[in-house]
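First to last, the sequence lines map onto chains A and B. Under my numbering, the first residue of the first sequence carries the number 2, and numbering increases by one thereafter. Under my numbering, the first residue of the second sequence carries the number 2, and numbering increases by one thereafter. Beta carbons are placed, not taken as given, at the ideal position from N, Cα and C, and that holds for glycine. So the structure is just underneath, and the comments pick up after that.
Number of protein chains: 2
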Amino acid sequence: MTDSNKLPIDFCEETCVHTDSIAHSMRGMPDLDTLFSLAEFFKVFGDTTRIRIICALLEDELCVCDLAEVVGMGQSAISHQLRLLRAAHLVRVRREGKSSFYSLDDDHVRLIFKQGLNHILEEND
Amino acid sequence: MTDSNKLPIDFCEETCVHTDSIAHSMRGMPDLDTLFSLAEFFKVFGDTTRIRIICALLEDELCVCDLAEVVGMGQSAISHQLRLLRAAHLVRVRREGKSSFYSLDDDHVRLIFKQGLNHILEEND
DNA sequence: CAAACATATGAGCATGTGTTCATTTGTTGA
DNA sequence: TCAACAAATGAACACATGCTCATATGTTTG
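So, in structure tokens, the structure goes:
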């Protein structure tokens with residue numbers, strides 16, 4: 002059942018590597034930079050405080066101190082996290098007087114959030 | 002333009018809280034446990050090594066040492082990460098002789114990966 | 001301009017996370 | 001049953017992350 006017959010004679014020296022499978026897996030794989038960015042992107046979703054901020058912004062914009070209230074955390078903590086969310090293009094700011102109103106940057110964010118939520122909810126069946 | 006006329010007289014004491022917005026934002030929000038699980042779920046995607054593993058498994062199953070080869074990392078490191086991926090139900094194992102073959106657990110994983118990838122790729126326009 | 005308020009940011013610290021190294025567990029074949 | 005190989009796991013260490021506290025920036029209003 003093995004596909005060792007396809008391999009050149011002087012290959013497959015010691016380890017169990019399946020050259021074909023490896024080659025196939027690597028074909029069309031995005032470059033390292035892209036995968037790194039992708040991981041960075043998901044990392045932003047991977048924190049309870051940030052997820053709660055994103056969740057709070059699903060329908061409407063909110064100012065920083067409102068977010069602090071909703072999430073139940075200090076203004077500074079929220080502000081720090083908003084910085085990361087901004088850097089990752091997950092939220093945008095609109096300044097109005099003394100307040101900064103934050104909202105989700107695009108529908109991709111909403112989509113991924115809901116996709117993930119579905120996954121979680123289905124798991125507990 | 003403010004909606005302060007809607008507020009009860011003895012409210013809005015010192016901070017800038019917009020009671021209505023806060024209430025609206027909190028309505029229908031998933032409970033804390035769910036949001037925590039969601040963050041944990043995304044956290045798994047938020048690492049370059051794990052993303053590369055997921056990416057390598059997009060089309061076909063691979064054994065541990067193949068994955069190590071594709072990702073260019075030691076067997077132990079891969080094994081540790083696979084443990085996390087298993088715990089998060091992102092991959093499944095199939096044992097065959099000395100080897101363990103890993104594959105993505107369901108299409109949700111593929112979907113979220115691709116959704117994220119789209120987001121990244123669109124950003125650089 | 002000064003006071004009050006909303007937000008942003010820097011430093012410091014405790015806690016998490018990912019890798020490596022060494023070792024163990026599990027499986028096959030002589 | 002023992003040697004060889006694949007995979008899993010534990011310990012240790014370096015580094016990243018998220019919070020708090022203090023302070024700075026920016027904006028409005030008296």
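B/Val72 to B/Lys99 span [Cα, whole Å] | Along the second sequence, one-based indexing puts residue 72 of chain B at 71. Along the second sequence, one-based indexing puts residue 99 of chain B at 98. B/Val72 and B/Lys99: Cα-Cα distance of roughly 21 Å.
What do you reckon, are the CB atoms on A/Gln82 and A/Arg51 nearer than 9 Å?
-> As a working note, residue 82 of chain A is residue 81 in the first sequence. As a working note, residue 51 of chain A is residue 50 in the first sequence. In this structure, A/Arg51 lies closer than 9 Å to A/Gln82 by Cβ.
Within chain A, partners of B/Leu105 - CB distance below 8 Å = Along the second sequence, one-based indexing puts residue 105 of chain B at 104. Per Cβ cutoff of 8 Å: no residues; B/Leu105 is ~12 Å from chain A at best.
For A/Ser77 and A/Val92, believed in contact at Cβ under 8 Å, the rounded distance | As a position in the first sequence, residue 92 of chain A is number 91, starting the count at 1. As a position in the first sequence, residue 77 of chain A is number 76, starting the count at 1. With a Cβ gap of about 17 Å, A/Val92 and A/Ser77 do not count as contacting.
Can you name the residues of chain A whose CB is closer than 7 Å to the CB of B/Val18?
-> Within the second sequence, the letter at position 17 stands for residue 18 of chain B. In chain order: Cys66, Asp67 and Glu70.
Same chain, Cβ closer than 7 Å to B/Leu86, neighbours up to 5 away in sequence not counted | For the purposes of this step, residue 86 of chain B is taken as the residue at position 85 of the second sequence. The answer, listed in chain order, is Val45, Arg51, Ile54 and Val92.
In its own chain, which residues sit with a C-beta less than 8 Å from the C-beta of A/Gly117, not counting the 5 before and 5 after it?
-> Taking the first residue of the first sequence as position 1, residue 117 of chain A is located at position 116. Closer than 8 Å at the Cβ level, and outside the excluded window around A/Gly117, lie Phe46.
Under 9 Å between C-beta atoms, does B/Ser80 make it to chain A?
-> For this step, residue 80 of chain B is matched to residue 79 along the second sequence. It does not; no Cβ of chain A falls within 9 Å.
Taking buried to mean at least 16 other C-beta atoms within 10 Å of its own C-beta, is B/Leu58 buried or exposed?
-> Residue mapping note: residue 58 of chain B aligns to position 57 of the second sequence, counting from 1. Its Cβ being crowded by 16 or more others within 10 Å, B/Leu58 is buried.
For A/Val18, the first and last residue of its enclosing beta strand (DSSP E) | Within the first sequence, numbered from 1, the residue matching residue 18 of chain A stands at position 17. Unbroken run through A/Val18: none, as it is neither H nor E.
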